[in-house]
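Read the structure below first, then the notes.
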Amino acid sequence: MFETRGLPFVLLDIVCLFLAGLPLAAFNLGKIKPYQRGFFCKDEGISYPFHHSTVTSTVLYTVGFALPISCVSSPT
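Taking UniProt numbering, the leading residue of the sequence shown gets 1, the next gets one more, and so forth.
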């Protein structure tokens with residue numbers, strides 16, 4: 001294959017780690033404030049009519065168990 005222990009790959013890992021940590025640092029240092037608003041039960045902006053599930057439990061369980069098993073057990 002190819003060598004993955006060289007200095008360029010280490011620097012690339014450090015840059016990726018830094019970029020992934022930027023949003024967390026921005027929130028923790030208080031530079032970005034989340035939008036906050038009050039809550040009350042009769043708020044028309046957040047009230048929607050009830051809809052039944054679009055995916056049945058049977059399909060959810062079947063795909064949830066079969067997909068990971070087929071991915072792990074398939075030969076590469």
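The C-beta atom is built at its ideal place from N, Cα and C for all residues, glycine as well.
Query                                                                     : Result
Cα-Cα separation between MET1 and PHE9, rounded to whole angstroms        : At MET1, the pLDDT of 49 sits below 50, so the modelled position is not reliable; the number obtained from the coordinates is stated separately. Their backbone Cα atoms lie some 15 Å apart in a straight line.
Extent of the continuous alpha helix (DSSP H) run through PHE39           : First-last for PHE39: undefined, no H or E at that position.
Reduced DSSP secondary structure (H/G/I, E/B, other) of VAL62             : Note on identity: in this sequence residue 62 is Thr, with Val being the wrong assignment. THR62 falls in the helix class under three-state DSSP.
Backbone CA spacing between VAL63 and ILE46 [nearest angstrom]            : 31 Å
Between the CA atoms of LEU7 and SER57 - distance to the nearest angstrom : 49 Å
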